[in-house]
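Peer 1: Just so you know, the protein sequences line up as chains E and D, in that order.
For my numbering, count along the first sequence from 1 and bump the result up by 34.
For my numbering, count along the second sequence from 1 and bump the result up by 34.
Just so it is clear, CB atoms sit at the ideal spot from N, CA and C, and this is done for glycine as well.
There are 2 protein chains.
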Amino acid sequence: MSSKWFTYDLIAEDPATHARAGVLHTPHGDVPTPIFMPVGTKATVKGLLPEQLKGLGAKIILANAYHLSQRPGADLVAELGGLHDFMRWDGPILTDSGGFQVFSHGDFVRLDEGGVTFRTVDYDGSYVHWTPEDNMAIAQSLGADIVMQLDQCTPYPAERAFVERAVELSSLWAERCARAHTREDQALFGIVQGGMHLDLRLRSLEHLESCGDFPGYGIGGYSVGEDHAIMFETLAPLASEHMPRHKPRYLMGVGNPTTLVHGVACGIDMFDCVLPTRTARMGCAFSSAGRLNLRHARFAHDRSVLEEGCGCPACRGGFTRSYLHHLVKQREMLGGILLSLHNLHFLLELMRQARTAVIEGRYADFVRRWDELPGSADW
Amino acid sequence: MSSKWFTYDLIAEDPATHARAGVLHTPHGDVPTPIFMPVGTKATVKGLLPEQLKGLGAKIILANAYHLSQRPGADLVAELGGLHDFMRWDGPILTDSGGFQVFSHGDFVRLDEGGVTFRTVDYDGSYVHWTPEDNMAIAQSLGADIVMQLDQCTPYPAERAFVERAVELSSLWAERCARAHTREDQALFGIVQGGMHLDLRLRSLEHLESCGDFPGYGIGGYSVGEDHAIMFETLAPLASEHMPRHKPRYLMGVGNPTTLVHGVACGIDMFDCVLPTRTARMGCAFSSAGRLNLRHARFAHDRSVLEEGCGCPACRGGFTRSYLHHLVKQREMLGGILLSLHNLHFLLELMRQARTAVIEGRYADFVRRWDELPGSADW
């Protein structure tokens, strides 16, 4: 599975934390880590043009293989030249397998020997049967730079026996995905599952390491409803002591700024989450003072920008909280757009500053300063 | 009312039609005419940043005094530094009085000696009483470069007696608006009403000319449901033979590309309409082949851009009809955004080319070529 296309260079390791800075090389460009990846589920980061994402300094974006397999279909995307051409993003792309979406279908999911059957209740309601091989065929048709194995994501709370079976299934599927995956210009990442059980997490990781030379690892099954502290009880030892040093570590579906800052301290390299864009569309802005709900009447006459000194198009452009309040209250598209630009910039910039702090060997201080911010607990 | 801030220079008159090219000078910049003005009803052209409008070459945009008086309120906009500061558009702005909106409230409208009472059914349902003086106070608080008198817009069809009374009321209100309007850095345009009756139109115009030195004239009450041909029966003689030569003529709420091309031939200088952005949000694109409904399945595999050779961000950016079909079908914001950029570019570019044709004295040929396009009747 190792490929000349995908190498990960470790640039710096922080002396007082487990934070690292690196560069992940891909066929569509280099990805400096740690990094936040904006989510473009259906081949579009909602409301933003690719050039606006470039302007924010986004280096890699996500799309979702499940959603794209439903509409417009992986074959159509392949016919149109692959995902990069289709959505006009010429930088690196990562596609999630859709495992998370499949298992969020609840009662409509049935496992069998070969794979999983689920009902596409969010599309036309038809039944779909996926084997890991089917999933890899979709991933290869879409043509992202990085693709994730099909896995079973467990909810929280969950019975240990249930989580254990999910780890076993995910391990089996990792092997089958690895065998089915043949595109050399595409990296396949394995996914560590195991819920909030460290021993199961380690068993999952061990199996992935034994079954092949994955160029990177996802860590799934966190941020599924548990407290921040509960996640770190197992994530911290897993990432800081057990994950291979020379491969990128991707904490899937996370998350909020404080979790990113602490995740980097554990040695996480990559993050993604819909939070910045979804909360933006609901009228909320990230700030060092915490989350600002622009719907609130207290912003009606507020002539300051979202965050003084912020370099995002909304703040640099001088759009006031008063104007944003008006847009959000009137359900104007521009409200969600400006807040999405701001929130994505917030996380991208946070990771750029984190990276610099790691390179300069002062990441412990960076975390301390973050935790002292009035808004750091407000996530 | 005449002001050093607002002068209109006539640059060229076409030899074979009544088309003209000019420049309208305003405190926030020059407006080359003929021109299409994108509509930003609630202080935002839906889905687009001001810098994107600049990128399209928009020179002046609209907002609506009625809507802004409701939310966020004219006083609040004034407190925030006026409309330009509020919405971060530093070019010229024109605000419509809201007369059209008031009289579209139907059964909820009552006229009296002093003004009009209507129920804001599209907001909190409260009753509002407006005099022409109230309306001018709102216009002056908002602070656009050009504001329109309060008028009574008549529907089509309408009884002649009803239209006649509306002309009389609009004339009376024009005088009262002119007396109440004091901002020298803001131009007040009178509005010619009169429905589809040329004699009433001329009576309306005559009264406006007699009651003051308006720096420009709106022509209202067209595009209210009548056929294109019926409008031109009265619009053509009105604009080409009777409107004063050295003042800009603004055909309000119009419209589609073919009407713009023919309107310019009658001597119209300014147009506005929600059509390009509203149809965009419904999934439709302007093209020389007519209107393209991107929801249609025939675009699913279409790898061409909306219009070959088009310089808009959607076409220049290489976004295919296939991708746009996907976005529109999935109700992704980016679909409406890309189509809005394309449709606005289409009308802005059409007027730029029309202006060049007028200056080069070949506008009759320009109209003929337009009418020969396969899509010219498709509006």
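1) Starting from the Cα of Ser175/E, find the closest Cα among Arg235/E, Thr354/E, Phe120/E, Ile94/E and give me that residue.
2) Using a beta-carbon distance below 8 Å, is Tyr157/E in contact with chain D?
3) Quick one: does Thr354/E have its CB under 8 Å from some CB of chain D?
4) Name, in chain order, the residues that DSSP records as bridge partners for Pro189/D.
5) From Ile180/D, Ile127/D, Gly254/D, pick the residue whose C-alpha is nearest to that of Thr216/D; which is it?
6) Within 8 Å of any Cβ in chain C, is that where the Cβ of Phe120/D sits?
7) How many Å lie between Met304/D and Ile69/D at the Cα?
8) Please name the residue in Phe223/D, Leu361/D, Pro191/D whose C-alpha comes closest to that of Ala331/D.
9) So within the region 207-259 of chain E, which uninterrupted alpha helix (DSSP H) runs reach at least 4 residues, ignoring any that extend past its ends?
10) Alpha carbon to alpha carbon, what distance is there between Gly148/D and Glu198/D?
11) With a threshold of 16 other CB atoms inside 10 Å of the CB of Thr292/D, please say whether the residue is buried or exposed.
12) In three-state DSSP terms, what is Pro347/E?
13) With a threshold of 16 other CB atoms inside 10 Å of the CB of Glu85/D, please say whether the residue is buried or exposed.
14) Pro310/D: which of Leu372/D, Thr67/D, Ala391/D, Ala263/D sits nearest, CA to CA?
15) According to DSSP, Pro66/D sits in a beta bridge with which residue or residues?
16) Any residues in the region 106-120 of chain E with a beta carbon nearer than 7 Å to a beta carbon of chain D? Which ones, in chain order?
17) Taking Leu248/E as the reference, give the member of Gly254/E, Leu239/E, Ala108/E, Pro191/E with the closest Cα.
18) Does the distance from the C-beta atom of Val258/D to that of Gln227/D stay below 8 Å?
19) At a Cβ threshold of 8 Å, is Arg337/E touching chain D?
20) Which ranges does the alpha helix (DSSP H) cover as unbroken runs of at least 4 residues, wholly within the region 98-131 of chain E, from first to last along the chain?
21) Going along chain E in order, which residues have a C-beta closer than 7 Å to the C-beta of Gln364/D?
22) Report the rounded CA-to-CA distance for Val57/E versus Pro66/E, giving the unit in angstroms.
23) Mind checking who Asn169/E pairs with in its DSSP beta bridge?
24) Express the C-alpha separation of Glu406/E and Arg210/E in angstroms, rounding to a whole number.
25) Just the C-alpha distance for Ala171/E and Gln387/D, rounded to the nearest angstrom, thanks.
26) Look up Tyr357/E in the DSSP assignment and say whether it is helix, strand or coil.
27) How close, in whole Å, do the beta carbons of Tyr100/E and Lys281/E come, if the pair is a contact with beta carbons under 8 Å?
28) Are any of the Cβ atoms in chain D nearer than 8 Å to that of Ala314/E?
29) So Gln183/E and Ser138/E are in contact, right, with Cβ under 8 Å, and what is the actual spacing, rounded?
30) I believe Leu234/E touches Ala208/E by the beta-carbon criterion, under 8 Å. Please report the beta-carbon distance rounded to the nearest angstrom.
31) Measuring alpha carbon to alpha carbon, tell me which residue in Asp399/D, Phe40/D, Thr51/D is nearest Ala270/D.
32) Going along chain E, which residues have a C-beta under 9 Å from Met367/D?
33) Out of Thr60/E, Leu117/E, Asp109/E, point me to the one whose CA is closest to Thr75/E's CA.
34) Could you pull out every residue in the same chain whose Cβ sits closer than 6 Å to the Cβ of Val73/D, ignoring the five residues on either side in sequence?
35) For the alpha helix (DSSP H) that Met385/D lies in, which residues bound it at each end?
36) At 4 residues or longer, what runs of the alpha helix (DSSP H) sit wholly inside the region 269-347 of chain E?
Peer 2: Based on what the coordinates show:
1) For the purposes of this step, residue 175/E is identified with residue 141 of the first sequence, where counting begins at 1. Comparing Cα-Cα distances from Ser175/E to each of Arg235/E, Thr354/E, Phe120/E, Ile94/E, the minimum goes to Phe120/E.
2) By one-based count along the first sequence, residue 157/E stands at place 123. No, its Cβ sits nowhere closer than 8 Å to a Cβ of chain D.
3) As a first step, residue 354/E is located in the first sequence; it is residue number 320 there, counting from the start. Chain D contact via Cβ: present.
4) Taking the first residue of the second sequence as position 1, residue 189/D is located at position 155. Note: Pro189/D sits in no beta bridge, so no partner.
5) In the second sequence, residue 216/D corresponds to position 182, counting from 1. Comparing Cα-Cα distances from Thr216/D to each of Ile180/D, Ile127/D, Gly254/D, the minimum goes to Ile180/D.
6) The question asks about chain C, but that chain is absent: this structure's protein chains are E and D.
7) On the second sequence, residue 304/D is found 270 positions in, with the first residue counted as 1. On the second sequence, residue 69/D is found 35 positions in, with the first residue counted as 1. Each residue's alpha carbon lies about 5 Å from the other.
8) The residue you call residue 331/D lines up with position 297 of the second sequence. That would be Leu361/D, whose Cα lies nearest to the Cα of Ala331/D.
9) 232-245
10) The residue you call residue 198/D lines up with position 164 of the second sequence. The residue you call residue 148/D lines up with position 114 of the second sequence. In a straight line, the C-alpha of Glu198/D is about 19 Å away from that of Gly148/D.
11) As a working mapping, residue 292/D is identified with position 258 in the second sequence. Classification of Thr292/D: buried, given that the 10 Å Cβ count is 16 or more.
12) The residue labelled residue 347/E in the question sits at position 313 within the first sequence. Reduced to three states, the DSSP call for Pro347/E is helix.
13) In the second sequence, counting from the first residue as 1, residue 85/D sits at position 51. Glu85/D comes out exposed.
14) Here the question's residue 310/D lines up with position 276 in the second sequence. The candidate whose alpha carbon is nearest that of Pro310/D is Leu372/D.
15) What you label residue 66/D is simply residue 32 of the second sequence in a count that begins at 1. DSSP lists Val57/D as partners of Pro66/D.
16) Pro106, Leu110, Glu113, Leu114, Phe120
17) Reading the first sequence from its first residue, position 214 is the one you call residue 248/E. The displayed chain sequence assigns Phe, not Leu, to residue 248/E. Among Gly254/E, Leu239/E, Ala108/E, Pro191/E, the Cα nearest to that of Phe248/E belongs to Leu239/E.
18) Stepping through the second sequence from its first residue, residue 258/D is reached at position 224. Stepping through the second sequence from its first residue, residue 227/D is reached at position 193. Contact: no.
19) If you number the first sequence from 1, residue 337/E lands on position 303. With 8 Å as the cut-off, Arg337/E counts as an interface residue toward chain D.
20) 99-104, 108-113, 117-121
21) As a first step, residue 364/D must be located in the second sequence, where it is residue number 330. Ordered by position in chain E, the residues that pass the 7 Å Cβ test against Gln364/D are Lys76, Arg105.
22) Indexing the first sequence from 1 puts residue 57/E at position 23. Indexing the first sequence from 1 puts residue 66/E at position 32. Val57/E and Pro66/E: Cα-Cα distance of roughly 4 Å.
23) By one-based count along the first sequence, residue 169/E stands at place 135. Asn169/E pairs with nothing; no bridge assigned.
24) Residue 210/E sits at position 176 when you count from the first residue of the first sequence. Residue 406/E sits at position 372 when you count from the first residue of the first sequence. Approximately 46 Å, taken between the alpha carbons.
25) Translated into the one-based positions of the first sequence, residue 171/E becomes position 137. Translated into the one-based positions of the second sequence, residue 387/D becomes position 353. Distance between the alpha carbons of Ala171/E and Gln387/D: 49 Å.
26) As a working note, residue 357/E is residue 323 in the first sequence. Helix at Tyr357/E.
27) Residue numbering aside, residue 100/E sits at position 66 when the first sequence is read from its first letter. Residue numbering aside, residue 281/E sits at position 247 when the first sequence is read from its first letter. About 25 Å; that fails the 8 Å criterion.
28) For the purposes of this step, residue 314/E is taken as the residue at position 280 of the first sequence. So no, Ala314/E is outside the interface.
29) Numbered from its first residue, the first sequence carries residue 183/E at position 149. Numbered from its first residue, the first sequence carries residue 138/E at position 104. Incorrect: roughly 17 Å between the Cβ atoms, too far for contact.
30) Here the question's residue 234/E lines up with position 200 in the first sequence. Here the question's residue 208/E lines up with position 174 in the first sequence. That pair is no contact at about 15 Å.
31) The residue labelled residue 270/D in the question sits at position 236 within the second sequence. That would be Thr51/D, whose Cα lies nearest to the Cα of Ala270/D.
32) Position 333 of the second sequence, counted from the first residue, corresponds to residue 367/D. Simply Thr78, Lys80, Gly81, Leu82, Arg315, Met367, Gly370, Ile371.
33) Residue 75/E sits at position 41 when you count from the first residue of the first sequence. Checking every option, the nearest Cα to that of Thr75/E belongs to Leu117/E.
34) Against the second sequence, residue 73/D aligns to sequence position 39. Result list for Val73/D: Leu96, Asp306, Val308, in chain order.
35) For the purposes of this step, residue 385/D is identified with residue 351 of the second sequence, where counting begins at 1. Unbroken alpha helix (DSSP H) run through Met385/D: 367-393.
36) 291-300, 309-315
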